[in-house]
Every structure is written in C-alpha cells, then in structure tokens.
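Engineer: Its first residue numbered 107, the sequence shown is counted upward by one per residue in my numbering.
Take this structure first; my questions come after.
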Amino acid sequence: MGESKLYIVSTPIGNLEDITLRALETLKKVDYIACEDTEHSLKLLNHYGIKKPLISYWSEKEKVRAEEIINKIKTGKTIALITDAGTPGISDPGAVVISRAIQEGIDIIPIPGPTAIITALSISGLSTEEFTFIGFLPVKQSQRKKKLLQLCRQQRTIVFYEAPHRILQSLYDMLEILGNRKVCIARELTKMFEEVLRGNLEDVILKLEESKIAGEYVIVVEGASKVQNNFEEALNEVLDLMKKGKGRKEAVKIVSELYNISKKELYEKSLKREESE
Ligand code: SAM
C-alpha cells in the first residue's frame, strides 16, 4: 500500500461476530498484523479468511517489537495492531508502539469496536454519567486494599477487570473497604456462558460463593454516596484525633456526637482501617 500508517483495531471480546466492517476491511488491506498471541488471533483471522504476515508482540517483547513495527512503517508499510481481545492499550499492550509512532510522526488511525469496560458498564444499571476505570487491582492484598482506600470516597462508578481466581478475594476487600454498595458482575460477555449478577456486594458474594467461578469478569461498583463520604470524613477525624494523642474511645465519642453516627460502627471501622493501613 505504501501508506505508512498504523491502525489500532479493536477485535471481539468473545463473539467473533462482534467486529466492525471497517475492522475487517482494514485487516484485509494492511501489509502486516501485529498481535499478542498468534494462535489466538489466527482463530479470528481464519474465521474471516484473512491471511497476512503476523508480527507477534506481547507485553514483555513490546519494546523490541515496537521498533520493528516502527521501522516497517517507515519503509512505507501499513500495520494493524490488534490484541487477543477488545481494544488495544486497554489493560493490554499497545501503548509503547503508539507512543513511538507519535514520536516518529506516523499517522495513527483508530478502528473502534468492543471493549469489556464499556460493554459491562452499559448494562450494569449503575450510573454511567461519570466513571473511573481501574483495570486489574494489585495482586498483593495490602496493595489492593490501599488502592481501594484511595477510591472509597469518590462518587463515580468504578469499573474493575478481575481474574477468576482472585474475584472473591477482591470482592471481600471491596465489601470491607467500600462498604455494602451496589455492584454488577458481568461474566463471559458476548460468549456462550454470559452471565450478569446484580445486587449489593453481600448478595453477589453469596451467589458467587455457591457457583463455579470460571471465565472472564468485569466488576462494576457504585460510587460513594454523600452519606458514606460523611462517614469516611468522620472516620478520618477519629484517626486524626488518635494521632494527636486521644484514646480511641474518647475520639469515637467526640466524633460520633459531632456527626450523629453510630459509636459502635465508628469504633469497629476505625480498628479495621488501622489494620489495613
Ligand atoms: N483489551 C481488553 C478490552 O478492551 O476489554 C481487555 C484485556 S484484559 C487483558 C482482559 C480482561 O478483560 C479480563 O480478565 C476481563 O476482566 C475483561 N474481559 C475481557 N473480555 C471479557 C468478556 N468477554 N467478559 C467479561 N470480561 C472480559
């Protein structure tokens, strides 16, 4: 083609039919397709009869492969970048190639399509007005709790990706730190075993504990309410007073009267908060 372009192409998140006409047309016309796992992408490409030279790049090889991709584009080739599923760069590789292409003044053309965040958020029933996308929470529990603490006061809906073997533990941590909020768990979206659970965190945890946990999951959690924020503020005041030398009991008494909230809850939450910090 001699066009020197980099196309960033979204591919299905499960159902192979979820691909745009423009994505197919692009994959058919480019000189190379850069993908993560060649075997995985071949299922999609074979389904649509697309035969192209593949450049395999995955996160560990992204830097080296990015140079290869940039050099090819500079010699007049066109490359489509795809990942195993969804939109490149969204909890997936892509960012390194894109920033190198920007540095080199290469044209970058987005070919939009599916992504699990928006698919889950759109059917969650939770507010879509403002939302925060976190991607995967840290694997280490202390780091995960720290991240949740940073999020606990913000009022936007929060979207997480999570691996099946960690989902319950992450939900337990969310319940402890964010409180019993509304949540939507979207599993295997667009696939044969698609399933959506809605309820509060306690309900959904009970359901998951009783079911077989497998597949891919998105967790959408309601943002903090104003009342919750008041509670958080009160909790922080208790901790502040304690840092200034007051005993827990005394600090809780002062603050609970000030905010008109339960002494017992404030006492217990202040203990838990200190443990997770
Ligand atoms: N780039 C992808 C996107 O645009 O959504 C995300 C890739 S990330 C490595 C994979 C994670 O996305 C999974 O662990 C899961 O949390 C989420 N995910 C991807 N496909 C999904 C699906 N069909 N149903 C539910 N979650 C999905």
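In this text, a Cβ means the ideal position worked out from N, Cα and C, and glycines have one as well.
Please read all numbers here as calculations on a predicted model, not as lab measurements.
1. For a cutoff of 7 Å on Cβ pairs, would you count Asn177 as touching chain C?
2. Quick one: is the Cβ of Gly200 within less than 6 Å of any heavy atom of the ligand SAM?
3. Check Ile177 in the structure and name its three-state DSSP category.
4. How should Tyr323 be labelled, buried or exposed, when 16 other C-beta atoms within 10 angstroms of its C-beta is the threshold for buried?
5. Suppose you measure from the CA of Lys251 to the CA of Gln261; what does that come to, to the nearest Å?
6. What's the C-alpha gap between Met107 and Val136?
7. Just the C-alpha distance for Ile125 and Gly192, rounded to the nearest angstrom, thanks.
8. Measuring only from the beta carbon, is Ser147 closer than 6 Å to any heavy atom that is part of the ligand SAM?
9. Could you tell me which of Ser116, Thr189, Pro270 and Lys332 sits nearest to Pro386, measuring between CA atoms?
10. Rounding to the nearest angstrom, what Cα-Cα distance links Lys359 and Ser248 in this structure?
11. On the DSSP letters alone, give me the boundaries of the alpha helix (DSSP H) that Thr72 sits inside.
12. Which residue's Cα is closest to the Cα of Phe299: Leu112, Lys111, Asn121 and Leu372?
13. Quick one: does the C-beta of Glu322 sit closer than 6 Å to a heavy atom of the ligand PLP?
14. Going by DSSP, name the residue or residues bridged to Ile114.
15. Going by DSSP in three states, Arg287 sits in which element: helix, strand or coil?
16. Counting Cβ pairs, one atom from each stretch, are 3 or more of them under 8 Å apart for the stretch 205–222 and the stretch 233–248?
17. By the DSSP assignment, the alpha helix (DSSP H) with Glu363 in it spans what residues?
18. Three-state secondary structure (DSSP) at Thr296?
19. By the three-class DSSP mapping on this structure, what secondary structure does Glu268 have?
20. Can you tell me whether Leu295 sits near the ligand SAM, meaning its C-beta is under 6 Å from at least one heavy atom of the ligand?
21. When you compare the CB positions of Gly195 and Ala186, do they come within less than 7 Å of one another, or not?
22. Strictly by DSSP, which residues pair up with Gly241?
23. For the candidate residues Tyr278, Gly329 and Ile215, whose alpha-carbon lies nearest to that of Ile264?
24. Is it the case that the Cβ atoms of Phe266 and Ile188 are separated by a distance below 7 Å?
25. Leu160 bridges to which residues according to DSSP?
Structural biologist: The structure says:
1. Among the chains in the structure shown there is no chain C, since it carries only a single protein chain.
2. To locate residue 200, count along the sequence shown from 1; it is residue 94. No, Cβ of Gly200 sits at least 6 Å from all heavy atoms of the ligand SAM.
3. Taking the sequence shown and counting its residues from 1, the one referred to as residue 177 is at position 71. As written in the sequence, residue 177 is Asn, which differs from the Ile given in the question. Residue state, collapsed to three classes: helix.
4. As a working note, residue 323 is residue 217 in the sequence shown. It counts as buried.
5. Here residue 251 refers to the residue found at position 145 of the sequence shown. Here residue 261 refers to the residue found at position 155 of the sequence shown. Taking the straight line joining both Cα atoms gives about 18 Å.
6. As a working mapping, residue 107 is identified with position 1 in the sequence shown. As a working mapping, residue 136 is identified with position 30 in the sequence shown. Model confidence at Met107 stands at a pLDDT of 47, short of 50, so the residue's coordinates are unreliable and nothing is read from them.
7. The residue labelled residue 125 in the question sits at position 19 within the sequence shown. The residue labelled residue 192 in the question sits at position 86 within the sequence shown. Those two C-alpha atoms are separated by around 10 Å.
8. Translated into positions along the sequence shown, residue 147 becomes position 41. No - the ligand SAM has no heavy atom lying nearer than 6 Å to the Cβ of Ser147.
9. It is not possible to answer for residue 386, since the shown part of the chain is limited to 107 through 383.
10. The residue you call residue 359 lines up with position 253 of the sequence shown. The residue you call residue 248 lines up with position 142 of the sequence shown. Counting only the Cα atoms, Ser248 lies some 29 Å from Lys359.
11. The question about residue 72 has no answer, for the chain in this structure spans 107 to 383.
12. Translated into positions along the sequence shown, residue 299 becomes position 193. That would be Asn121, whose Cα lies nearest to the Cα of Phe299.
13. This structure simply doesn't include the ligand PLP; it includes the ligand SAM instead.
14. Residue mapping note: residue 114 aligns to position 8 of the sequence shown, counting from 1. Per the DSSP secondary-structure output, Ile114 pairs in a beta bridge with Leu187 and Pro216.
15. By 1-based counting over the sequence shown, the position of residue 287 is 181. Secondary structure at Arg287: coil, using DSSP grouped into helix, strand and coil.
16. no
17. In the sequence shown, residue 363 corresponds to position 257, counting from 1. Run containing Glu363: Arg354 to Tyr365, per the alpha helix (DSSP H) assignment.
18. Sequence index remark: in the sequence shown, residue 296 carries index 190 (1-based). If DSSP states are grouped into helix, strand and coil, Thr296 belongs with coil.
19. Taking the first residue of the sequence shown as 1, we reach residue 268 at position 162. Looking at Glu268 - three-state DSSP - the assignment turns out to be strand.
20. On the sequence shown, position 189 is the one that residue 295 refers to. Yes, since a heavy atom of the ligand SAM falls inside the 6 Å radius drawn around the Cβ of Leu295.
21. To locate residue 195, count along the sequence shown from 1; it is residue 89. To locate residue 186, count along the sequence shown from 1; it is residue 80. For Gly195 and Ala186, no; Cβs fall outside 7 Å.
22. In the sequence shown, the residue the question calls residue 241 occupies position 135. Its beta-bridge partners are Phe266.
23. On the sequence shown, residue 264 is found 158 positions in, with the first residue counted as 1. Among Tyr278, Gly329 and Ile215, the Cα nearest to that of Ile264 belongs to Gly329.
24. To locate residue 266, count along the sequence shown from 1; it is residue 160. To locate residue 188, count along the sequence shown from 1; it is residue 82. Their beta carbons are not under 7 Å apart, which means Phe266 does not touch Ile188 by this criterion.
25. As a working note, residue 160 is residue 54 in the sequence shown. According to DSSP, Leu160 bridges with Ile139.
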